[in-house]
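*Asks:*
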Amino acid sequence: VTEAKTPHGYTVGIWTDVTAEKRAQEAAEAADREKTEFLNNVSHELRTPLTVIFGRASFMRHSDKMPQSQRLMDALEADGTGCPVAAGAARDYQRFMTDQGAGIAESAQHMIRLVEDLLDWTKVSRGQLELDMAPIQLDEIARSVTQELQPAAEAKGLTLTYIGDGPVATIADKVRVKQILYNLITNAIKFTNEGKVNLSMLHSNDKIVFSVSDTGNGISKADARRVFQRFQQVDGSMTRQNGGLGLGLAISEQLATLHGGSLSMDSELGVGSTFSLTLPRDTVSTL
Ligand code: ADP
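Residue numbering for the sequence shown follows the UniProt record's numbering, starting at 426 and increasing by one per position.
1) Is residue 499 near ligand 1, judged by its Cβ being under 7 angstroms from some heavy atom?
2) May I have a chain-ordered list of the alpha helix (DSSP H) segments no shorter than 4 residues that lie completely inside the region 538-571?
3) Looking at the secondary structure, which residues open and close the beta strand (DSSP E) in which residue 596 lies?
4) Can you tell me where the alpha helix (DSSP H) with residue 676 in it begins and where it stops?
5) Taking buried to mean at least 16 other C-beta atoms within 10 Å of its own C-beta, is residue 431 buried or exposed?
6) If you drop the 5 nearest sequence neighbours on each side, which residues of the same chain put their C-beta closer than 6 angstroms to that of residue 609?
7) So if DSSP puts residue 691 in a beta bridge, which residue, or which two residues, is it bridged to?
8) Examine ligand 1 and report whether any of its heavy atoms sits within less than 7 angstroms of the Cβ of residue 463.
9) Is residue 698 near ligand 1, judged by its Cβ being under 7 angstroms from some heavy atom?
10) Looking at residue 549 and residue 658, is the spacing between their C-beta atoms short of 8 angstroms?
11) Specify, as a first and last residue, the run of the alpha helix (DSSP H) that residue 480 falls within.
12) Quick one, are the C-beta atoms of residue 644 and residue 692 less than 8 angstroms apart?
13) Run through the region 615-658 for me and flag every whole beta strand (DSSP E) of 3 or more residues, listed as ranges in chain order.
14) Buried or exposed: where does residue 437 fall if 16 or more other Cβ atoms within 10 Å of its Cβ makes it buried?
15) Spatial neighbours of residue 726 within its chain, please: C-beta separation below 7 angstroms, excluding the five flanking residues on both sides.
16) Let me know if residue 458 comes out buried or exposed under the rule of 16 or more other beta-carbons within 10 Å of its beta-carbon.
17) Mind checking who residue 437 pairs with in its DSSP beta bridge?
18) Figure out for me which residue from 566, 695, 641 has the closest Cα to the Cα of residue 598.
19) Under DSSP, the beta strand (DSSP E) around residue 585 begins and ends at which residues?
20) Just verifying my parser: in three-state terms, what is the DSSP assignment at residue 670?
21) What is the rounded straight-line gap between the Cα of residue 427 and the Cα of residue 651?
22) Less than 8 angstroms separating the beta-carbons of residue 525 and residue 484?
23) Let me check you understand the geometry: is the CB of residue 549 closer than 7 angstroms to at least one non-hydrogen atom of ligand 1?
24) Under the DSSP definition of a beta bridge, which residues are partnered with residue 705?
25) Ignore the nearest five residues each way along the sequence and tell me which others in residue 513's own chain have a CB closer than 8 angstroms to its CB.
26) Keeping to the same chain, check which residues put their C-beta closer than 6 angstroms to that of residue 588; ignore five residues upstream and five downstream.
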């Protein structure tokens, strides 16, 4: 409130509505904080695999000084090729190199996925993502994703299963449907420490419902709405350890919507979660 005097000598109070201005400023500050936090997360996410790649590449670069390499050279010099000692040393050396290569490939793959998520998010948020619609077999896609992620589940001692009700065809973007399922199952594995992850597929005349359920951490009611929002992770410390940029579900939801479908979640803290992808079924399509 500011005070002013009228020409007649009265003192009046003038009210200025600062609420709208203040709100706009707060929103700008929040957006700025979100951007800074996001950049910080991206930098960390990219730095971790890069450090692994750099470390392993350095190992390989100096591999002539590695004991495996020395043993191989000694064995070759002493006995010539073909003898068991030389063969053993060569195997050691090969194993060492293969391990380094595997570590580099895994970290590079992780970075590729992060960058793809970033590019997808940019496209989705600009409304520039176009689907490549074609007749596809959903049962086949579900099986192949489950198979691909089997090693990741096994590495955590989890059982990953798929239960479908036979071949179902529809018109959809194969790569994108696979991407959504991949994302949901990867999350389920990431946030489950024991028990199982199950993918199921049910269909009716007009829709197909994929459900990914896990016996993991679960999500509280308070956090439930946040998980589909961009850059949101329920527990920063836990997810930092697990990685991720909080974009997977936001992208998946947009992809489901672009298909005319939806993505939903049902979860209980400490019990587990079920994420369901509903796609419209194009009954005209035949394969
Ligand atoms: P990110 O790739 O960073 O995990 P997502 O968008 O895929 O991002 O997921 C956002 C957040 O939702 C996760 O960080 C996690 O907190 C929560 N979340 C997703 N899936 C699950 C799940 N199956 N169980 C528990 N929490 C989950």
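Just so you know, even glycine gets a beta-carbon here, dropped at the ideal spot from N, CA and C.
*Replies:* This is what the structure gives:
1) no
2) Inside the region 538-571, DSSP marks no whole alpha helix (DSSP H) run of 4 or more residues.
3) In the DSSP assignment, residue 596 falls within the unbroken beta strand (DSSP E) covering 594-597.
4) 673-683
5) exposed
6) 637, 700
7) 699
8) no
9) Indeed, a heavy atom of ligand 1 lies less than 7 angstroms from the Cβ.
10) no
11) 444-486
12) yes
13) 621-628, 632-639
14) exposed
15) Limits of the chain in this structure are 426 at one end and 712 at the other, which puts residue 726 out of reach.
16) exposed
17) 429
18) 566
19) Here the beta strand (DSSP E) through residue 585 covers 584-589.
20) coil
21) 41 angstroms
22) yes
23) no
24) Residue 705 is bridged to 632.
25) Beyond the five residues adjoining it in sequence on each side, residue 513 comes within less than 8 angstroms, by CB distance, of 500 in the same chain, given in chain order.
26) For residue 588, where only same-chain residues beyond five positions count, the Cβ hits under 6 angstroms are 625.
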